[in-house]
Amino acid sequence: MSEELLKIEGLSINYKVYEDFFKVVHNASFRVGQGEKIGLIGESGCGKTTTMRAIMRALADNALITQGQILFQGKDIIKMSPDEIQKIRRKSISMIFQDPTAALNPVFKIGEQLTDIIRYSSQAAGKHLTKEEMKEQAVEALKNVALPDPERILQNYPIQLSGGMRQRVCIAAALISSGDLLIADEPGTSLDVTIEDQILRLLAGLVEKRRTSIILISHALGAVKGMVDRVYVMYAGSMVEVAKTDDLFSEPLHPYTVDLFKTVPKITGGGVPEPIPGHIPDYLNPPMGCRYYPRCKHAMPICDKEVPTFRHQGKDHEVACFLFEDVN
Amino acid sequence: MTEERKRNLKRSWLKFGSNPLSVLGLVSVLLVVFLAVFSPWVAPHPESWAKWVDFKNALLAPSWDHPFGTDVFGRDILSRVFFGFRYDLLMAVSILVLVVPLGTVIGLIAGYYRGSLLDTVIMRITDIFLAIPSIVLALAICAMLEPTLFNSMMAVSVLWWPWYTRLAYGIASSLKNEYFVQAAELTGASTPHILFREILPNCISPIFTKMTLDVGWVILIGSTLSFVGLGAQEPIPALGTMVAAGTKYMPDYWWMTIFPAIAIAFTILGFNLLGDGLRDLLAVEEI
Amino acid sequence: MAEEILVVKSLKKHFKTSMGTVKAVDDVSFSINAGETFGLVGESGSGKSTTAFTIMGIYPPTGGDITFQGKPLIGGVKSRPRSLKKDMQMVFQDPGSSLNPRRSIGDILELPLSVHQLFEGKRKERIDDILNMVGLPTDFVDRFPRQLGGGEKQLVAISRAIATEPAFIALDEPSSALDVSMQAKIINTLLNIQKEYHISYLFITHNLSLMRNVAQNVGIMYLGKLLEVAPSSEFFTNPLHPYTKMLISSIPVITSEEEALKPKKIVSTGEIPSPVNVPKGCAFNTRCNECMENCKSMEPQMIEVEEGHWVKCHPFTPKA
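Chains as they are written, first to last, in our numbering: chain A, 8 to 335; chain B, 14 to 300; chain C, 790 to 1109.
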């Protein structure tokens, strides 16, 4: 059993817009073990990115964590000092964003941006490197992500690279400072399908080799399937189901997961499925009980009144739904 | 008015109000406008606005009765400043009412036809006007014609329109490739429709902001012209004219120059702060 | 024999840039039957969007012929007859910029009606009708685009496209910017409208799973060239071109039946070359794992291998 690297317990985050409070993330729980690969799926607006940013303490100014804890290697990130968080960002956790063009500074060469990261992360580890050593590491980092002619790329500006190459640079950058955990937020969404396929396989290989944990976020279900050990499903700010990848896709339990899988068109044909009726809840006035209650086909009176917690249903499979009883 | 619209307006107001300088600007502008509009009734000595002499009370220092003192003819300067607001504001509004539509239309056309000969011709002419220092051009025009308020307004108009052309040009040329313009073209909408019903509404916010800021600047240029004697002549109480008239009596009778000058500064500052506030607001919110 | 509403023959659209000529669309030919959907698939730089824009007239074609309802289309939008514009409409990729933020939904929907002088005196009813057809409430007429979500904006864009009862609509990635559930709503709406009003669609997307269930015939483009055209089910069960096989094998799928359908052992490699430097011979030769000697020097012909299944690839070209 892998020891726990990251544990999020009961996390709730609100966004304040003028005088209104949007209660976006609501009692979310999340676990990542050492060396584990975790997938997080959910539609846009469900709070996935907010939760991940909370881990990095990179939330927007108007976001407030109202309850919960984020334990990283046993210590609560929410309570850490700015120095401690700085150290974590430089050495332990890093993030790959959706849009590689926006993640790279357009007016600096790739080499300059990478050496900056190398410098900070080695300082955090207490080492001091010379310019030559840093350049060597930069070349090495680019080689790791299968970029051809790394020396030339170090001299390029981001605009001179294609989207796929930029994303590889971002991955290289993230790998330098991610000793323990890599968070990939929709890394292939803005790329072509064949390039996305390459990027995901690259990530899988790298993570396997270095025993780094990874959280892969996507709203494309298939992208996640080939890559991760366990998958969390998120809806309207809460985690509704988690299971081992094969279990989740072959036997989804939560009504939302079931409905979600039905809306994906298949290459084997079968027509375009009907969407899930209704819409995501209004975060200003979210439902008191289960947030999927208004759209759920199996809704029961209790669902409207209480918030369901995770129940165990077999090995590593948990569901937050009143239809299921805790089997332990 | 829908609930949604009410909420948006309230939100905009809160955002605007969160910046004390913007509110200060708004209050100053409202004060100036109020005084301009109601000067005949609010001024303590309404007769002071034109030809009036009262040599007994000439050149009095500021006092309760004459808070800004009196001038060489015995006219109350406070009242003349109120009337001065009226003239300056009137001048600014007249100029902008003429210049803004003209400059904007020219800019829209040039921007929509960007890349064509028409665009080149229009924009190079615009560039020429922009290249000439505005004061020099205004002075030259006024010197050629008779120095009157009207002529100084004409001079300022001639050099003001290119700024709006450039503004409209920038927006029109960037919008012409947007999908909603292409959708209108695909549907078969006429060119006037596209220019005035599709593109122009998107220019309103920046133009309106610029107009607010410009009121102050137009008043400044107008006052400069009056100051050098090429604008409004006595006895019209244009603020610049008043400043000029008072320079002969500096420093002993300083109030004749200083108070009108402060009034000009106050007006420009007010419009600038208000314009800045509007610009900040419109950058984020859509009213 | 189904009636062909749109026939595209050897269509070319070239752009002159400072770095050379970009042959965005290079010798593309296909046809669409009335009431059916033709899908155009490809990655960035393939020229699929440019093809649609050229057919619609946003770009005047550099060469080739386009025939619509039996009549040739000459030049760009400005030179085409106004009556044509009510029969051909387009839905764009980005819902955010396809609606004028400064006009109300009602004004946006009224424009096509007033330009073509349709439904005189009954415009309001017509607008209510088309909003109903896409499943939007009629009180949207007073709203502005910024008050709508992405999916709703796209539904308005669709509503605008059907306002004049067109015979043909080009759809450029209509649901790509949206979520899976919104996508389902948009696509279902489009399919229902198509069935009811017998409209022909040119449907462009990079989402192959979606294409499979929407189009009757599919064409795949790469660097401006059309490499394979086939009926939808053929395209997926029996892909012939190596690029098609590479693309299908990269699709992320979630069920085991789909996994079984995917071609095996085609691992996608390499980057897409710049459109200014299209490789000589077959455009795909730099990434093809079945590349032969003559692929690098000679461009293959488009050959009909089976009824309705065309491919542009040397192994399928019969020896002279």
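Backbone N, C-alpha and C define an ideal beta-carbon position, used for all residues, glycine too.
- prompt: What did DSSP end up calling residue 861 (chain C) once you bin it into helix, strand or coil?
  reply: Position 72 of the third sequence, counted from the first residue, corresponds to residue 861 (chain C). The answer is strand: DSSP assigns residue 861 (chain C) an E or B state.
query: For chain B, is any of its Cβ atoms less than 9 Å away from the one on residue 1016 (chain C)?
result: The sequence position of residue 1016 (chain C) within the third sequence is 227, counting from 1. No - not a single Cβ of chain B is within 9 Å of the one on residue 1016 (chain C).
- prompt: Who are the Cβ neighbours of residue 755 (chain C) in its own chain at under 6 Å, not counting the five residues just before and after it?
  reply: This structure cannot speak to residue 755 (chain C), because chain C is shown only from 790 to 1109.
- prompt: Are there 16 or more other CB atoms within 10 angstroms of the CB of residue 81 (chain B), so buried, or fewer, so exposed?
  reply: Sequence index remark: in the second sequence, residue 81 (chain B) carries index 68 (1-based). By the neighbour-count rule (16 or more Cβ atoms within 10 Å), residue 81 (chain B) is buried.
query: At which residue ranges does the stretch 869–938 of chain C contain complete alpha helix (DSSP H) runs of 4 or more residues, listed in the order of the chain?
result: 873–876, 884–887, 894–904, 912–922
message: Under DSSP, the alpha helix (DSSP H) around residue 52 (chain B) begins and ends at which residues?
response: As a position in the second sequence, residue 52 (chain B) is number 39, starting the count at 1. First-last of the alpha helix (DSSP H) with residue 52 (chain B): 33–55.
query: By Cβ distance, which residues of its chain are closer than 6 Å to residue 900 (chain C), with the 5 residues on each side in sequence left out?
result: Here residue 900 (chain C) refers to the residue found at position 111 when the third sequence is read from its first residue. So no residue of the chain qualifies.
query: Are there 16 or more other CB atoms within 10 angstroms of the CB of residue 991 (chain C), so buried, or fewer, so exposed?
result: Sequence index remark: in the third sequence, residue 991 (chain C) carries index 202 (1-based). Result: buried.
- request: Could you tell me which of A:334, A:28, A:26, A:55 sits nearest to residue 193 (chain A), measuring between CA atoms?
  value: On the first sequence, position 186 is the one that residue 193 (chain A) refers to. Nearest option by C-alpha distance: A:55.
- request: Put residue 1011 (chain C) into one of helix, strand or coil per three-state DSSP.
  value: Counting from one through the third sequence, the residue named residue 1011 (chain C) turns up at place 222. Here DSSP, grouped into helix, strand and coil, assigns residue 1011 (chain C) to strand.
- prompt: So residue 198 (chain B) is in the alpha helix (DSSP H); what residue range does that whole segment cover?
  reply: Translated into positions along the second sequence, residue 198 (chain B) becomes position 185. Run containing residue 198 (chain B): 192–200, per the alpha helix (DSSP H) assignment.
message: Does the stretch 994–1003 of chain C come into contact with the stretch 816–832 of chain C, if we say contact requires no fewer than three beta-carbon pairs (one atom in each stretch) closer than 8 Å?
response: yes
message: Assess contact between the stretch 307–325 of chain A and the stretch 56–67 of chain A, defined as three or more Cβ pairs (one per stretch) separated by less than 8 Å. Is contact present?
response: no
Collapsed DSSP secondary structure at residue 804 (chain C) in the structure displayed: Translated into the one-based positions of the third sequence, residue 804 (chain C) becomes position 15. Strand at residue 804 (chain C).
task: Determine the closest residue to residue 1013 (chain C) out of C:809, C:816, C:866, with distance taken between C-alpha atoms.
output: Taking the first residue of the third sequence as position 1, residue 1013 (chain C) is located at position 224. Closest by alpha carbon: C:816.
message: Tell me the DSSP secondary structure of residue 151 (chain A) in three-state form.
response: Locating residue 151 (chain A) in the first sequence gives position 144, counting from the first residue. Looking at residue 151 (chain A) - three-state DSSP - the assignment turns out to be helix.
- prompt: Name the chain B residues whose beta carbon is nearer than 7 Å to that of residue 779 (chain C)?
  reply: No answer is possible for residue 779 (chain C): it lies beyond the span of chain C, which begins at 790 and ends at 1109.
message: Please return the same chain residues whose Cβ sits closer than 8 Å to the Cβ of residue 166 (chain B), not counting the five positions on each side in sequence.
response: Mapped onto the second sequence, residue 166 (chain B) falls at position 153. So the list reads 104, 107, 108, 235, once near-sequence residues are dropped.
- prompt: To which residues of the same chain is residue 801 (chain C) closer than 7 Å at the C-beta, ignoring the five residues directly before and after it?
  reply: One-based indexing of the third sequence puts residue 801 (chain C) at position 12. Here the set comprises 814, 815, 816, 850, 851, 852, 853.
- prompt: Rounded to whole angstroms, how far is the Cβ of residue 328 (chain A) from the Cβ of residue 259 (chain A), which I believe are closer than 8 Å?
  reply: Start at 1 with the first residue of the first sequence, and residue 328 (chain A) comes out as number 321. Start at 1 with the first residue of the first sequence, and residue 259 (chain A) comes out as number 252. Not quite, the Cβ-Cβ distance comes to about 11 Å (not below 8 Å), so this is no contact.
field: First through last residue of the alpha helix (DSSP H) which encompasses residue 230 (chain B)
entry: Taking the first residue of the second sequence as position 1, residue 230 (chain B) is located at position 217. Residues 217–240.
message: Measuring CB atoms only, is the stretch 183–199 of chain A touching the stretch 113–131 of chain A, in the sense that at least three cross pairs come out at less than 8 Å?
response: yes
- request: Below 8 Å between beta carbons is the criterion; list the residues of the stretch 898–928 of chain C that meet it against any residue of chain B, in chain order.
  value: Listed by position, the residues of the stretch 898–928 of chain C near chain B (Cβ gap below 8 Å) are 900, 901, 904, 905.
- prompt: Given 8 Å as the limit, is there contact between the stretch 223–241 of chain B and the stretch 163–181 of chain B, that is, 3 or more CB pairs closer than that?
  reply: As far as the Cβ criterion goes, the stretch 223–241 of chain B touches the stretch 163–181 of chain B, which means the pair count is three or higher.
- prompt: According to DSSP, which residues form a beta bridge with residue 239 (chain A)?
  reply: Within the first sequence, the letter at position 232 stands for residue 239 (chain A). DSSP, once it has assigned bridges, lists A:47, A:249 as partnering residue 239 (chain A).
message: Taking 9 Å as the threshold (beta carbon to beta carbon), is residue 969 (chain C) in contact with chain A?
response: Residue mapping note: residue 969 (chain C) aligns to position 180 of the third sequence, counting from 1. For residue 969 (chain C), the answer is yes, since a Cβ of chain A falls inside 9 Å of its Cβ.
message: Among the candidates B:91, B:131, B:84, B:174, whose CA atom is the shortest distance from the CA of residue 117 (chain B)?
response: If you number the second sequence from 1, residue 117 (chain B) lands on position 104. Here the closest residue by C-alpha is B:174.
query: Alpha carbon to alpha carbon, how far is residue 196 (chain B) from residue 918 (chain C)?
result: Position 183 of the second sequence, counted from the start, is the residue given in the question as residue 196 (chain B). Position 129 of the third sequence, counted from the start, is the residue given in the question as residue 918 (chain C). If you take the alpha carbons of residue 196 (chain B) and residue 918 (chain C), they lie about 21 Å apart.
message: Quick check on DSSP: helix, strand or coil for residue 997 (chain C)?
response: Along the third sequence, read from residue 1 onward, the residue named residue 997 (chain C) stands at position 208. Residue 997 (chain C) carries a helical assignment under DSSP once its states are collapsed to helix, strand and coil.
message: Beta-carbon within less than 7 Å of residue 154 (chain A)'s beta-carbon, same chain only, minus the 5 sequence neighbours each way: which residues are those?
response: For the purposes of this step, residue 154 (chain A) is identified with residue 147 of the first sequence, where counting begins at 1. Excluding sequence neighbours, residue 154 (chain A) sits near 160, 172, 175.
message: One question on the structure: do residue 117 (chain A) and residue 239 (chain A) come within less than 9 Å of each other, judged by their Cβ atoms?
response: For the purposes of this step, residue 117 (chain A) is taken as residue 110 along the first sequence, with counting starting at 1. For the purposes of this step, residue 239 (chain A) is taken as residue 232 along the first sequence, with counting starting at 1. Result no, Cβ atoms of residue 117 (chain A) and residue 239 (chain A) do not sit closer than 9 Å.
message: Quick check on the DSSP output: what are the complete alpha helix (DSSP H) runs of length 4 or more inside the stretch 59–139 of chain B, in order along the chain?
response: 90–125
- prompt: Tell me which same chain residues have a C-beta within less than 6 Å of the C-beta of residue 104 (chain A), skipping the five on either side of it?
  reply: Here residue 104 (chain A) corresponds to residue number 97 of the first sequence, with the count starting at 1. If we look at residue 104 (chain A) and ignore the five residues flanking it on each side, its Cβ neighbours are 110, 192.
- request: Within its chain, find whatever has a CB closer than 8 Å to the CB of residue 279 (chain B); leave out the 5 residues flanking it on each side and keep chain order.
  value: Position 266 of the second sequence, counting from 1, holds the residue named residue 279 (chain B). So the list reads 41, 45, once near-sequence residues are dropped.
field: Bounding residues of the alpha helix (DSSP H) (the contiguous stretch that carries residue 172 (chain B))
entry: Along the second sequence, one-based indexing puts residue 172 (chain B) at 159. Looking at the DSSP string, the run of the alpha helix (DSSP H) that includes residue 172 (chain B) is 162–188.
query: Are at least three pairs of beta-carbons, each pair with one atom in the stretch 219–231 of chain B and one in the stretch 891–906 of chain C, less than 8 Å apart?
result: These segments do not touch.
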